[in-house]
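Numbering (this note's numbering), first residue to last: 1164 to 1440.
Put into structure tokens, the structure is as follows:
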């Protein structure tokens, strides 16, 4: 009996250890700009799993901002071929800019926390194998109702249908930066919510097949859907009779949009290319 109790206790302890968040020694961190929380600024020790704690030194972690390639140092890339990141509830900002040339390894990001307000995950295209993604994002972003910005470039999404929310609206200006992008991702369908006035952000999405425009759109931005080779269907609301600005002539260049839809887009004011014209 005692041996059984010891065995069960050992298994529970092992289970708790396996699922415990990483120690603070695995991160670089500082006090965030709000002066009340922690911002994690780097990962250390070249681990395969970074389960980020919700607090460090009894101070809540509010942001993770990584602007250096994971698994890379001045001496080169580590032998870690896959890194998993788990983000805690309570996190408000997550930034991962994986820009280092010749990235070695695959990064998997588990479900983003429901508390997230700003998200920026961007990497580069694998020139040797364009179908290969350096970063995969699991779970749903459509359920994250606190998001005010979402930027993701060349990301492998588990969720293939995405909604661009009206809360991501930004001003129509030559100097305004979009609050959203899905450039180069593998999404297959996008719905733009009514309330959005600018449509943009899906250049080089080769798997994108369908896009539904909002009745409120006033501008389709430069390269919004260019080189989306599978894009064949654009849903245009009946009440949409004119789009004031098609910014550039390559918005639908390299797409597979049906001729009937091309006629509708011409009537809305588009004068650029379709397909491989």
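We treat Cβ as the ideally placed atom computed from N, Cα and C, and that holds for glycine.
Practice task
Could you please give the first and the last residue of the uninterrupted alpha helix (DSSP H) stretch that includes residue 1425?
Solution key: For the purposes of this step, residue 1425 is identified with residue 262 of the chain shown, where counting begins at 1. Note, residue 1425: alpha helix (DSSP H), 1422-1431.
Practice task
Report the rounded CA-to-CA distance for residue 1290 versus residue 1371, giving the unit in angstroms.
Solution key: For this step, residue 1290 is matched to residue 127 along the chain shown. For this step, residue 1371 is matched to residue 208 along the chain shown. Taking the straight line from one Cα to the other gives about 20 Å.
Handout entry: In chain order, each beta strand (DSSP E) run of at least 3 residues that lies wholly inside the stretch 1199-1237
Key = 1201-1206, 1212-1214, 1222-1229
Exercise for the section: From the DSSP output, in three-state form, read off residue 1342 for me. Expected result: Locating residue 1342 in the chain shown gives position 179, where the first residue counts as 1. Coil.
Practice task
Output the distance between the C-alpha atoms of residue 1419 and residue 1252, rounded to the nearest integer angstrom.
Solution key: As a first step, residue 1419 is located in the chain shown; it is residue number 256 there, counting from the start. As a first step, residue 1252 is located in the chain shown; it is residue number 89 there, counting from the start. The alpha-carbon atoms of residue 1419 and residue 1252 are separated by roughly 41 Å.
Handout entry: Cα-Cα separation, residue 1265 to residue 1430
Key = For the purposes of this step, residue 1265 is identified with residue 102 of the chain shown, where counting begins at 1. For the purposes of this step, residue 1430 is identified with residue 267 of the chain shown, where counting begins at 1. In this prediction, residue 1265 has a pLDDT of 49, which is less than 50 and means its spatial position is unreliable; what the coordinates show is noted afterwards. Approximately 45 Å between the Cα atoms of the pair.
Practice task
Note down, one range per segment and in chain order, each beta strand (DSSP E) of at least 3 residues found wholly within the stretch 1281-1357.
Solution key: 1281-1285, 1298-1300, 1312-1316, 1318-1320, 1324-1327, 1352-1355
Practice task
For residue 1185, collect the residues of the same chain with a Cβ closer than 8 Å to its Cβ; drop the 5 residues on either side in sequence, then sort them by chain order.
Solution key: Sequence index remark: in the chain shown, residue 1185 carries index 22 (1-based). Same-chain partners within the cutoff: 1210, 1212, 1213, 1214, 1215, 1216.
Problem - Whole-angstrom distance between residue 1278 and residue 1200, CA atom to CA atom - result: On the chain shown, position 37 is the one that residue 1200 refers to. On the chain shown, position 115 is the one that residue 1278 refers to. Cα to Cα, the separation comes out at about 15 Å.
Exercise for the section: Report yes if the C-beta distance between residue 1305 and residue 1326 is below 8 Å; otherwise report no. Expected result: Within the chain shown, residue 1305 is the residue found at index 142, counting from 1. Within the chain shown, residue 1326 is the residue found at index 163, counting from 1. Yes, Cβ-Cβ distance for residue 1305 and residue 1326 is below 8 Å.
Handout entry: Alpha-carbon spacing of residue 1353 relative to residue 1187, whole angstroms
Key = Translated into the one-based positions of the chain shown, residue 1353 becomes position 190. Translated into the one-based positions of the chain shown, residue 1187 becomes position 24. One C-alpha to the other measures close to 39 Å.
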